[in-house]
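Read left to right, the sequence shown gives residues 5 to 437 (the numbering used here).
In this text, a Cβ means the ideal position worked out from N, Cα and C, and glycines have one as well.
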Amino acid sequence: MELSLMVFCTLLFGILSWKMNSLVQKYKTYIALYTSDKVIRFGKFHPLWGHIHLLVPLIKFQELAVKGMRETGKKITCYWLAFLYPILGVCHPDTVKIVLKSSEPKNKQKGGGYFTLLPWLGDGLLISDGKKWERNRRLLTPAFHFDVLKPYVPIYNKVFDIFLDKLDEASNSGQSIEIYHRVGLATLDTLLRCALSYEDNVQEQGSKNPYVNAVRILTNISLKRIMEPWLHPDILFKMSPSGRKYFKHAKYVHDFDERIIQERKQALAADPSLITRRRRDFLDILLTARDENGTGLTDREIRDEVDTFLFEGHDTTASSLSWAIYSLSKNPEEQQKVYEEVTKVLGNRTQVEWSEIKEFTRLTLFLKESMRMFSPVPSVGRITTKELDLDGLKVPANIEIYVLIHALNKREDIWGDPETQTGITQATYMYIE
5 MELSLMVFCT LLFGILSWKM NSLVQKYKTY IALYTSDKVI RFGKFHPLWG HIHLLVPLIK
65 FQELAVKGMR ETGKKITCYW LAFLYPILGV CHPDTVKIVL KSSEPKNKQK GGGYFTLLPW
125 LGDGLLISDG KKWERNRRLL TPAFHFDVLK PYVPIYNKVF DIFLDKLDEA SNSGQSIEIY
185 HRVGLATLDT LLRCALSYED NVQEQGSKNP YVNAVRILTN ISLKRIMEPW LHPDILFKMS
245 PSGRKYFKHA KYVHDFDERI IQERKQALAA DPSLITRRRR DFLDILLTAR DENGTGLTDR
305 EIRDEVDTFL FEGHDTTASS LSWAIYSLSK NPEEQQKVYE EVTKVLGNRT QVEWSEIKEF
365 TRLTLFLKES MRMFSPVPSV GRITTKELDL DGLKVPANIE IYVLIHALNK REDIWGDPET
425 QTGITQATYM YIE
């Protein structure tokens with residue numbers, strides 16, 4: 005008995021010693037990354053919070069990245085998520101290229117930048133990677149063919165006629181207008197009509213619409229949870245008020261999607277010729293897509309892609325359009341040039357046609373420049389699976405790296421004067437040509 009106890013204690017001590025040594029070595033590697041002269045460090049390290057207290061709200065993260073980049077000219081940033089581990093960011097074409105050309109997966113592991121979206125969006129194209137991403141991206145490619153997109157133009161016209169009517173009503177009140185919310189309603193209305201052939205008076209109902217309200221709450225909670233490590237474990241998150249609210253609204257969104265998907269499946273099963281007698285939408289393509297083995301998408305995969313495209317499609321577009329409106333208001337001379345081009349193309353008409361889109365050259369350049377200055381997606385993430393050499397910095401496996409799109413687009417050594425709101429920079433002309 006005593007011998008067995010001695011063996012057990014010896015074995016337990018050995019395992020603990022091995023684990024402790026492994027942990028010490030890991031933290032030595034982490035500290036070496038953080039103290040490297042290759043990286044931009046984000047302020048004073050707090051023994052408990054790391055740098056979280058400096059990065060909330062998340063806009064502060066972008067501001068610190070740009071500030072550090074301009075002061076040092078370095079190409080890599082580093083901050084700590086509490087005391088747990090460091091996270092890297094790349095903000096120069098040299099280092100961005102290395103990350104994007106690699107086959108490293110998206111950081112959807114627990115604590116990663118995408119994991120808070122998983123219960124809501126699932127493993128759709130935004131979050132999936134590897135073979136699954138390649139297969140599903142290939143199956144969804146027909147959804148972006150010109151023959152599919154052309155019939156959407158009348159829908160765009162109709163939706164934004166409603167948007168402009170609502171805007172006109174609001175502007176006549178003499179009060180300031182919060183533009184992003186209104187643009188977001190219009191882009192969501194567009195996605196629902198185009199992707200699902202679903203109309204629900206979204207713009208008229210506004211925040212009263214349960215789907216609009218659910219998406220807003222899910223987005224806010226997802227972003228907030230990233231910076232709250234104590235809520236990263238699912239069991240703790242589900243017990244929290246934020247978690248209960250999150251899963252309540254995720255269930256509503258999933259039920260909404262599944263009802264529309266099932267109704268469409270039943271309609272196509274009852275009348276297969278339906279798909280050839282009307283405009284094909286995104287959902288039709290999801291339901292009928294088949295790979296080289298004749299296998300289609302599962303019901304869960306279809307739901308994941310619907311959730312992903314409704315969220316990503318309307319949210320990033322709303323951000324782009326809102327900042328473009330802001331940029332027009334800040335640059336009246338450029339606004340006049342864009343207005344003159346639109347007037348020249350359309351004349352007295354208010355409805356845009358597909359063939360006319362290519363004639364909006366100045367407007368296209370303006371939108372691209374606006375997106376450079378105000379990135380709709382400020383960053384995307386990856387996690388290393390093997391050692392990666394970033395500008396001489398040896399990054400080990402299991403390290404998160406973010407491509408800091410916003411910071412990259414603010415580099416003075418790339419863009420000259422990146423903050424000058426001239427509407428169109430010389431760099432943009434060079435890029436387009």
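Asked, Found
"G117 in three-state terms, based on DSSP", "coil"
"Nearest residue (CA-CA) to S40, options E416, V399, P380", "V399"
"For E404: DSSP bridge partner residues", "I387"
"R45 - DSSP class collapsed to helix/strand/coil", "strand"
"L171 vs L394 beta-carbon contact at 9 Å", "no"
"Cβ distance (whole Å) where V163 is taken to contact R197 below 8 Å", "7 Å"
"Best match in L240, F241, Y38, F286 for proximity to P146 [C-alpha to C-alpha]", "F286"
"Range covered by the alpha helix (DSSP H) that runs through W137", "134-144"
"Separation of W358 from L153, as counted between CA atoms", "9 Å"
"Beta-carbon contacts of E423 that lie in its chain and below 7 Å, excluding the five residues immediately before and after", "none"
"Exposure label - S175; buried when at least 16 CB within 10 Å", "exposed"
"Residues bridged to F103 (per DSSP)", "Looking at the sequence provided, one finds Val at residue 103 rather than Phe. DSSP output for V103 lists no bridge partner at all."
"DSSP state of C82 mapped onto helix, strand, coil", "strand"
"Residue span of the beta strand (DSSP E) that contains G247, given as start and end", "Careful: G247 lies outside any beta strand (DSSP E), inside the alpha helix (DSSP H) at 245-274."
"Given 8 Å, three or more beta-carbon pairs between the stretch 117-125 and the stretch 219-228", "yes"
"Between the CA atoms of L392 and K105 - distance to the nearest angstrom", "12 Å"
"8 Å contact criterion, which L85 and P233 should meet: CB distance rounded", "6 Å"
"Residue closest to R283, alpha-carbon to alpha-carbon, out of P51, E75, S201", "S201"
"Contacts around S107, its chain only, beta-carbon distance under 6 Å, and the 5 residues preceding and following it disregarded", "none"
"Delimiting residues of the alpha helix (DSSP H) encompassing V349", "336-350"
"C-beta atoms of L88 and I403 nearer than 9 Å", "no"
"The stretch 65-83 in contact with the stretch 94-103 per 3-pair CB rule at 8 Å", "yes"
"Range of the contiguous beta strand (DSSP E) that encloses V399", "397-399"
"E182 burial status per 10 Å Cβ neighbour count (16 or more: buried)", "exposed"
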